[in-house]
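Participant:
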Amino acid sequence: MSKRERIRGIAADTLDFILEVSKSYHPYEFIGLLSADSDVISDVLLLPGMLSSDRNASIRLDMIPLGISYVGSVHNHPYPGPGAARPSAQDLFIFGRTGNCHIITFYPYDGDCWRCYNSVGEERELKIIGNG
378 MSKRERIRGI
388 AADTLDFILE
398 VSKSYHPYEF
408 IGLLSADSDV
418 ISDVLLLPGM
428 LSSDRNASIR
438 LDMIPLGISY
448 VGSVHNHPYP
458 GPGAARPSAQ
468 DLFIFGRTGN
478 CHIITFYPYD
488 GDCWRCYNSV
498 GEERELKIIG
508 NG
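Convert by adding 377 to the 1-based position in the sequence shown; the result is the number in the working numbering.
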């Protein structure tokens, strides 16, 4: 089983960072890649050249530095409503190319305002590790 397939959790401080970045970009989207230490997501990679608007964000995968490994992606959905946590068709396109653990945060970016998905857009469990 590859590192991308065996992710079991996210560090609490990494999730806090993700929610803060989501708030700071609001009302625009941001996108980054997730990196893990063993089986726990520990870092967010924000790449140069990210394009951001109120409806989408994009990155250039050719900007990933050599030797950097990633297990998935993270981005926010700044619009409220019942579909805010669901992956879009564009999200699924990125999911299929960037790993098996994808986090979407959504407005208002509180502690419960995030979901994790696998590479085909099925919701998956991701435990919060640390800080209590």
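Each residue gets a CB set at the ideal place from its N, CA and C atoms; glycine is no exception.
Would you mind sorting Val497 into buried or exposed? The rule is 16 or more other CB atoms within 10 Å of its CB.
Facilitator: exposed
Participant: How long is the line joining the alpha carbons of Ala388 and Ile505, rounded to whole angstroms?
Facilitator: 6 Å
Participant: Run through DSSP, which three-state label would Thr475 get?
Facilitator: coil
Participant: Quick check: Phe407 and His454, are their CB atoms within less than 7 Å of each other?
Facilitator: Against a cut-off of 7 Å, the Cβ pair of His454 and Phe407 comes out as no contact.
Participant: With DSSP collapsed to three states, give me the class of Glu406.
Facilitator: Reduced to three states, the DSSP call for Glu406 is coil.
Participant: Classify Ala434: buried if its beta carbon has 16 or more other beta carbons within 10 angstroms, exposed otherwise.
Facilitator: buried
Participant: What does the alpha-carbon distance come out to for the pair Pro464 and Ile481?
Facilitator: 8 Å
Participant: Once the 5 residues before and after Met378 are set aside, which same chain residues still bring their CB inside 7 Å of it?
Facilitator: Bear in mind that a pLDDT of 40 at Met378, under 50, signals an unreliable position, so the number given afterwards is only what the model happens to contain. Within the same chain, Met378 has no close Cβ partners at all.
Participant: Output the distance between the C-alpha atoms of Leu424 and Asp487, rounded to the nearest integer angstrom.
Facilitator: 25 Å
Participant: Count the other CB atoms within 10 Å of the CB of Ile471; is the residue buried (16 or more) or exposed (fewer)?
Facilitator: buried
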